[in-house]
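Some notes on the structure that comes next.
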Amino acid sequence: MLHSIKQNWFVNVRGDVLSGLVVALALIPEAIAFSIIAGVDPRVGLYASFCIAVVIAFVGGRPAMISAATGAMALLMVTLVREHGLQYLLAATLLCGMLQIGAGYLRLGSLMRFVSRSVVTGFVNALAILIFLAQLPELTDVTWHVYAMTAAGLAIIYLFPYVPKIGRVIPSPLVCILAMTAVAIYFDLDIRTVGDMGELPDTLPIFLWPDVPLTFETLAIIFPYSAALAVVGLLESLMTATILDELTDTGSDKNRECKGQGVANIFSGLFGGMAGCAMIGQSVINVKSGGRTRLSTLIAGVVLLLLVVFLSDWVSLIPMAALVAVMIMVCIGTFSWDSIRNLRRYPLSTNIVMVVTVVVVVFTHNLAYGVLAGVLLAALFFANKIGHYLRIDSVLDASGEQRTYRVVGQVFFSSSEKFNSAFDFKEALSQVTIDLSQAHFWDITAVSALDKVVLKFRREGTEVEVQGLNQASATIVDRFGVHDKPEAVDNLVSH
Amino acid sequence: MTQVMACIDGSPLASAVCDCAAWASLRLRAPLTLLHVLDQQRYPLSGDLSGIIGLGSREFLLEELASLDEKRSKLALEEGRMVLDSAKQRAIEAGVAQPAVRQRHGGLVESLREIESDIRLLVIGKQGEGSDIQLIGSQLESVIRTMQRPVLITPATFHAPSSAMVAFDGSATTRKGVEMLASSPLLKGLPVHLVMVGSENAEGRAALEAARDLLTAAGFEVHVAMLADNVEASLNAYQAEHAIDLLVMGAYGHSRVRQFFVGSTTTNMLRSAATPLLLLR
Numbered sequence: 000m001l002h003s004i005k006q007n008w009f010v011n012v013r014g015d016v017l018s019g020l021v022v023a024l025a026l027i028p029e030a031i032a033f034s035i036i037a038g039v040d041p042r043v044g045l046y047a048s049f050c051i052a053v054v055i056a057f058v059g060g061r062p063a064m065i066s067a068a069t070g071a072m073a074l075l076m077v078t079l080v081r082e083h084g085l086q087y088l089l090a091a092t093l094l095c096g097m098l099q100i101g102a103g104y105l106r107l108g109s110l111m112r113f114v115s116r117s118v119v120t121g122f123v124n125a126l127a128i129l130i131f132l133a134q135l136p137e138l139t140d141v142t143w144h145v146y147a148m149t150a151a152g153l154a155i156i157y158l159f160p161y162v163p164k165i166g167r168v169i170p171s172p173l174v175c176i177l178a179m180t181a182v183a184i185y186f187d188l189d190i191r192t193v194g195d196m197g198e199l200p201d202t203l204p205i206f207l208w209p210d211v212p213l214t215f216e217t218l219a220i221i222f223p224y225s226a227a228l229a230v231v232g233l234l235e236s237l238m239t240a241t242i243l244d245e246l247t248d249t250g251s252d253k254n255r256e257c258k259g260q261g262v263a264n265i266f267s268g269l270f271g272g273m274a275g276c277a278m279i280g281q282s283v284i285n286v287k288s289g290g291r292t293r294l295s296t297l298i299a300g301v302v303l304l305l306l307v308v309f310l311s312d313w314v315s316l317i318p319m320a321a322l323v324a325v326m327i328m329v330c331i332g333t334f335s336w337d338s339i340r341n342l343r344r345y346p347l348s349t350n351i352v353m354v355v356t357v358v359v360v361v362f363t364h365n366l367a368y369g370v371l372a373g374v375l376l377a378a379l380f381f382a383n384k385i386g387h388y389l390r391i392d393s394v395l396d397a398s399g400e401q402r403t404y405r406v407v408g409q410v411f412f413s414s415s416e417k418f419n420s421a422f423d424f425k426e427a428l429s430q431v432t433i434d435l436s437q438a439h440f441w442d443i444t445a446v447s448a449l450d451k452v453v454l455k456f457r458r459e460g461t462e463v464e465v466q467g468l469n470q471a472s473a474t475i476v477d478r479f480g481v482h483d484k485p486e487a488v489d490n491l492v493s494h
Numbered sequence: 000m001t002q003v004m005a006c007i008d009g010s011p012l013a014s015a016v017c018d019c020a021a022w023a024s025l026r027l028r029a030p031l032t033l034l035h036v037l038d039q040q041r042y043p044l045s046g047d048l049s050g051i052i053g054l055g056s057r058e059f060l061l062e063e064l065a066s067l068d069e070k071r072s073k074l075a076l077e078e079g080r081m082v083l084d085s086a087k088q089r090a091i092e093a094g095v096a097q098p099a100v101r102q103r104h105g106g107l108v109e110s111l112r113e114i115e116s117d118i119r120l121l122v123i124g125k126q127g128e129g130s131d132i133q134l135i136g137s138q139l140e141s142v143i144r145t146m147q148r149p150v151l152i153t154p155a156t157f158h159a160p161s162s163a164m165v166a167f168d169g170s171a172t173t174r175k176g177v178e179m180l181a182s183s184p185l186l187k188g189l190p191v192h193l194v195m196v197g198s199e200n201a202e203g204r205a206a207l208e209a210a211r212d213l214l215t216a217a218g219f220e221v222h223v224a225m226l227a228d229n230v231e232a233s234l235n236a237y238q239a240e241h242a243i244d245l246l247v248m249g250a251y252g253h254s255r256v257r258q259f260f261v262g263s264t265t266t267n268m269l270r271s272a273a274t275p276l277l278l279l280r
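Protein chains in written order, with numbering that gives the first Met the number 0: chain A, 0 to 494; chain B, 0 to 280.
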């Protein structure tokens, strides 16, 4: 056990501490920005980020993944906060955590395998677009100072790493924020700052039970939000876990991650934070900066809180323009630019799935709908493609009395029409043999199609022999088929 | 449970491990396998703490990490091959007919656990790669704790032992160990010193005599001694006095929790011993 603790926490201390610091610094602007998206005080997002990061460091299933308050989740809670207020958000966060724990115990994490790569790509692209759109209010109806500062901030973020020596040691988003704050204070610019957006934390988070009536009405209000939060949180977390698995060539426990996300959200809700999940961008930053174990996540959470609690006076002076610049960097980093390049290379169906996912998300502002649409579409395309794998040919024997149909491929709902139309019932024959030894019957649609074919032949007075149903097909035909039961013809006629 | 498994790495001790394993293999008439494990230790990237994610940073990062890993793995694979080849050569020169070589990916401990059923005796060096400052290798204790097989630990130079000392405490482990020794050809023909540390009592004396009889019956030349308290110091003194060059003892009889508070005799002996150490689980 001691060994596994060491393995999980202390094999890469230097890298983890440094990357944890970088992530903590990068988390501050994001947590504030996401609180503003959700319409709550920056305090809520900062407490959430602290609670989630610290708790998930212990209970999560994917070491080195960073979880905190996220844009995907914040976008889902906008209407809840606007219509019912913060307390209902905290209650929804608690319920979301419980749902996620339930999902973990039901092993829903393994359902991720139905989410195809193009849906994942669509998800991250949509996420990037939504985060970008959420920045637009800060960039409309403002003085030219704000545009200038945002542009300068972006320039600092992307150009500072090229400065020799210090460029790669000091996180450039931090430099951007410091520089922009200094400029705003020096020129005494009248622009919006973080302090204008709401309360910042001045104490450690304290335990508080959400102040909502424990009635069915409350449940009816929060449940739809909690369910959406739970789904989106798990989706983003599991996708991020997969991305990190690939990057670090190590494995993760997806079901433990589901439960861990739930536990983390419950803690967040009880300590006055909003719901959160894994962050793709931050996790990539963490790995890029050398983080590999749970220690990096823990350090990120703890340092975040210390910085914010002790520096809250300074944090309130940060101009929003600097935050917007950081968020634009996050969008650019989250968006999968490869997917645009690949549009020409990939098959049309894949592209349609990706684009539909993006479009649905951008229109509904709900990532869950987008993923649902994408998964459904991908499944339909898949069924359609597999349906093509059906070939039926036939030979007439020398006497002209008997024909053998040979069926090769998959017979199921999407290909049963094709199956039916391949038989010629008008041909006058005494004997028909249907050779199914290389076919597979998947569902009751396929079985009833075979039934119809057999019965139609019989009505024409043709003997039918079905050959070589393989074992898997045989069971489903036995259970649902009618043609080998005596009352078959009556049944068919009565329909 | 047939092979003498020697853990070979790039450390200066590899040749001693090889000699020691060859000696054990010849005495046990068991085939020798030289094992090299490619540990997937991950190193952070070249200190990029800039905290930015730009265009396609995920895809780019994946490529970068993969190519780094690839280079590292290739080098490690090649290096391991060379280490194994020279060890094989050395084993053949020492008289082992056909030493086998195995190379595996993964951590040392987990790799050994996977192939544990093949192992009759595990031979490992006292120090690992790049641990000049440490007295004992960083993975040694985990290896010993994981293995359910005898482990022979060799210092930087190995001479075929001419006498052996069994640290006997009357516990079930050491009694079983003595039985194993009696039935094994490993130490046949060497004089064996059966040493017990602790205050004189009838029970201990009886166990000691039973052990002596067992070894004598198996044809060993046995010397018996009872030593005063303070296990390590008196064992070391006795060993020096009689010029004994192989120490046999039970290993890690206590839990890690106890070890944390009072320390472990095994670890202390490992640290102070200058001779090969045969640990029986």
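For glycine and all other residues, C-beta sits at the position ideal for the given N, C-alpha and C. This structure is a prediction, so every number in the text was calculated from the model and none was measured.
Environment of Q138 (chain B) [buried if 16+ CB atoms lie within 10 Å]
Q138 (chain B) sits buried, since 16 or more C-beta atoms from the chains shown fall within 10 Å of its C-beta.
Please classify F496 (chain A): is it buried, with 16 or more other beta-carbons within 10 angstroms of its beta-carbon, or exposed?
Here chain A covers residues 0 to 494 and nothing more, so residue 496 (chain A) does not appear.
Leaving out five residues on either side along the sequence, give the residues of the same chain with a beta carbon under 8 Å from the beta carbon of E58 (chain B).
Excluding residues within five positions, none has a Cβ falling inside 8 Å.
Where D244 (chain B) meets chain A, residues with beta-carbon distance less than 9 Å
Under the 9 Å cutoff, chain A gives no residues; its nearest Cβ is about 32 Å from D244 (chain B).
Does the distance from the C-beta atom of E115 (chain B) to that of M146 (chain B) stay below 8 Å?
The beta carbons of E115 (chain B) and M146 (chain B) sit closer together than 8 Å.
Close-in-space but distant-in-sequence residues of the same chain around V407 (chain A) (CB under 7 Å, 5 per side omitted):
R390, Q437, A438
Would you please verify whether the beta carbon of D442 (chain A) is less than 8 Å from any beta carbon of chain B?
no
For F412 (chain A) and F424 (chain A), I'd like the C-alpha separation in whole angstroms.
21 Å
As assigned by DSSP and simplified to three states, the class of A274 (chain B)
Ala is not the amino acid found at residue 274 (chain B); the sequence shown has Thr there. Note: T274 (chain B) maps to coil in three-state DSSP.
Per the contact definition of three or more C-beta pairs closer than 8 Å, is the stretch 320-340 of chain A in contact with the stretch 140-153 of chain A?
By the Cβ rule, the stretch 140-153 of chain A counts as touching the stretch 320-340 of chain A, because three or more pairs are nearer than 8 Å.
What's the call for V12 (chain A), buried or exposed, on a 16-neighbour Cβ count within 10 Å?
exposed
Under 8 Å between the Cβ atoms of S267 (chain A) and T239 (chain A)?
no
In chain B, what lies closer than 7 Å to I242 (chain A) by C-beta?
R57
Proximal residues to I385 (chain A) (C-beta, below 8 Å), its chain only, five neighbours per side dropped
Q409, F411, S413, S414
Three-state secondary structure assigned by DSSP to M278 (chain A)
coil
For L185 (chain B), which residues from the same chain have a beta carbon less than 6 Å from its beta carbon, with the 5 sequence-adjacent residues on both sides left out?
R26, L27
I need the straight-line Cα distance from V43 (chain A) to W143 (chain A), nearest angstrom please.
About 31 Å.
Continuous beta strand (DSSP E) assignments of at least 3 residues falling wholly in the stretch 296-363 of chain A
none
What does the alpha-carbon distance come out to for the pair R106 (chain A) and R148 (chain B)?
38 Å
Between the CA atoms of T120 (chain A) and L120 (chain B) - distance to the nearest angstrom
Each residue's Cα considered, the two are about 52 Å apart.
Name the chain A residues whose beta carbon is nearer than 9 Å to that of S137 (chain B)?
The premise fails here: S137 (chain B) is roughly 11 Å from chain A at the closest Cβ pair, so nothing lies under 9 Å.
Suppose the cutoff is 7 Å on Cβ atoms and the five residues either side in sequence are ignored; what does the same chain contact list for H158 (chain B) look like?
D244
In whole angstroms, what is the alpha-carbon distance linking L153 (chain A) and R291 (chain A)?
28 Å
Can L12 (chain B) and A155 (chain B) be called in contact, C-beta distance under 8 Å?
yes
Within the stretch 138-168 of chain B, ranges of the beta strand (DSSP E) (whole runs, at least 3 residues)
Segments of the beta strand (DSSP E) lying fully in the stretch 138-168 of chain B: 150-153, 163-167.
When the Cβ atoms of the stretch 50-65 of chain A are set against those of the stretch 284-298 of chain A, are three or more pairs found closer than 8 Å?
yes
Buried or exposed, going by whether 16 or more other CB atoms sit within 10 Å of the CB of I7 (chain B)?
buried
On the DSSP letters alone, give me the boundaries of the alpha helix (DSSP H) that S85 (chain B) sits inside.
56-92
Thinking I221 (chain A) and A90 (chain A) are a contact (beta carbons under 8 Å), I'd like their distance in whole angstroms, please.
5 Å
Quick one: which chain A residues come within Cβ less than 7 Å of D47 (chain B)?
R167, K287, S288
Count the other C-beta atoms from every protein chain shown that fall within 10 angstroms of the C-beta of A372 (chain A), then say buried if there are 16 or more, exposed otherwise.
With 16 or more other Cβ atoms within 10 Å, it is buried.
Under the three-state DSSP convention, the category P190 (chain B) falls into
strand
What does I52 (chain B) touch in chain A if you count any residue whose Cβ is under 8 Å from its own?
G280, V283, I284, K287, M328, V329, I331, G332, T333
Could you list which residues in chain B have their beta carbon closer than 7 Å to that of P163 (chain A), in chain order?
Per Cβ cutoff of 7 Å: no residues; P163 (chain A) is ~12 Å from chain B at best.
Integer Cβ distance of A99 (chain B) from P30 (chain B), believed to fall under 8 Å:
7 Å
What in chain A is Cβ-close to D288 (chain B), meaning under 9 Å?
No answer is possible for residue 288 (chain B): the residues shown for chain B start at 0 and end at 280.
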